[in-house]
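Step one of this worksheet: look at the structure below.
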Amino acid sequence: MRRTTRVLVDFPQPYSYLETPYKETDFPGRIRDVTSGETAAHARTSKVVVVGDISVGKTCLINKFCHEVYDANYKATIGVDFEVEKLDILGTPFSLQIWDTAGQERFKSITSAYYRGAQVVVLVFDLSLSASLFSIPQWLEETLASCGTDEPLRFLVGSKKDLLQSDLLLESMEDDARKMAQRLKAEFWSVSSKTGENVERFFVRLAALAFVRCINRELVERTVSPEKTSSQFIHLKKKKSRSCKCSTIKK
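Position 214, counted from 1, in the sequence shown is what the numbering used here calls 211; the numbers after and before it change by one each time, with no gaps.
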């Protein structure tokens, strides 16, 4: 069971720069400035929701990253479950709150309530089952309708890569997935929870992008807040001036 903190100094690269809407190649200078200037550790967290059809490998994907284990015995997630994975990014503590949701139709009314506040959406499909890819747009639509946040980061993840023994079949499925990712404005990854291929790379990439998004949001709030405070102060001054009664004393 893994519980050591991962340390990120270098910016993780995507599966392919041709298959991502996120073109960052390094941590922006402003992000490095913020983290290097912090005198006290300021813990940040991003909420990640993992969605997709039943039995596509959502739980296996999460367990491989968080615990470095793979269990071939399938057990359907009942409702929702979650993991908290801690990282150190540029010397700053950062956590991913990863929500594992059930893929069964009967749990949708329950799981959708947990989408709220998600900053990252991971859309998982089974590379060996094409039908699971074509249900992804509906999963994204339902998630976005419930998450209630500004545009979350989007990732389309093809799991069970190890099951496709034919290179031609794998290439065909990945090609379909790339087209879907472009359509949904998501970053595409092809992984295997069984062998571990690309699982670590995917999640640290997700964490880095979520970290950058988190700090950028803070910077925007910092620039807006002083203006709000100043505006409120001026409004208060004017109000006091109008309510002030002056009297003239004649000698």
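We treat Cβ as the ideally placed atom computed from N, Cα and C, and that holds for glycine.
Local conformation of residue i per DSSP, three classes
{"i": "Asp123", "result": "strand"}
{"i": "Ser187", "result": "strand"}
{"i": "Arg41", "result": "strand"}
{"i": "Gln179", "result": "helix"}
{"i": "Thr192", "result": "coil"}
{"i": "Leu216", "result": "helix"}
{"i": "Leu87", "result": "coil"}
{"i": "Thr226", "result": "Annotation note: pLDDT 41 at Thr226 (below 50); position unreliable, coordinate value reported separately. Residue state, collapsed to three classes: helix."}
Spatial neighbours of residue i in its chain, beta-carbon cut-off 6 Å, leaving aside the 5 residues before and after
{"i": "Ser187", "result": "Gly155, Lys158 and Glu171"}
{"i": "Ser13", "result": "none"}
{"i": "Val209", "result": "Ile28"}
{"i": "Val31", "result": "Ile212"}
{"i": "Lys242", "result": "Here the model assigns Lys242 a pLDDT of 45, short of 50, so the residue's position is not dependable and the matter cannot be decided."}
Assigned exposure category for residue i - 16 Cβ within 10 Å defines buried
{"i": "Pro11", "result": "buried"}
{"i": "Ser169", "result": "exposed"}
{"i": "Pro18", "result": "exposed"}
Close beta carbons around residue i, own chain, < 7 Å, minus the five adjacent residues each side
{"i": "Arg29", "result": "Leu87"}
{"i": "Glu194", "result": "Lys158 and Val188"}
{"i": "Phe24", "result": "Phe8, Leu87 and Val209"}
{"i": "Ala205", "result": "Leu5, Phe8, Pro9 and Ile86"}
{"i": "Glu16", "result": "Arg175, Ala178, Glu184 and Phe185"}
{"i": "Arg113", "result": "Ser143, Cys144 and Gly145"}
Proximity to residue i [Cα-Cα], best of the options
{"i": "Val201", "options": "Pro90, Phe62 and Asn213", "result": "Phe62"}
{"i": "Ile133", "options": "Tyr112, Ala174, Cys144 and Gln116", "result": "Ala174"}
{"i": "Lys191", "options": "Ser92, Phe122 and Ala69", "result": "Ala69"}
{"i": "Arg198", "options": "Arg219, Phe152 and Arg180", "result": "Phe152"}
{"i": "Thr2", "options": "Ser125, Val196, His64 and Glu138", "result": "His64"}
{"i": "Glu21", "options": "Glu218, Val221 and Ala207", "result": "Ala207"}
Same chain, Cβ closer than 8 Å to residue i, five either side skipped, listed in chain order
{"i": "Ser92", "result": "Ala40, Arg41, Thr42, Ser43, Val81, Glu82, Lys83 and Leu84"}
{"i": "Ser127", "result": "Met170 and Asp173"}
{"i": "Val47", "result": "Lys55, Leu58, Ile59, Ile95, Trp96, Asp97, Thr98, Val119 and Val121"}
{"i": "Leu161", "result": "Leu124, Ser125, Leu167 and Met170"}
{"i": "Ala115", "result": "Lys44, Val45, Val46, Trp96, Thr140, Cys144, Thr146 and Pro149"}
At which residue ranges does the region -2 to 32 contain complete beta strand (DSSP E) runs of 3 or more residues, listed in the order of the chain? If we require 3 residues or more, the beta strand (DSSP E) runs fully inside the region -2 to 32 come out as 3 to 5.
Fully enclosed by the region 43 to 85, which alpha helix (DSSP H) runs are 4 residues long or longer? 55 to 64
Note down, one range per segment and in chain order, each beta strand (DSSP E) of at least 3 residues found wholly within the region 128 to 162. Segments of the beta strand (DSSP E) lying fully in the region 128 to 162: 150 to 156.
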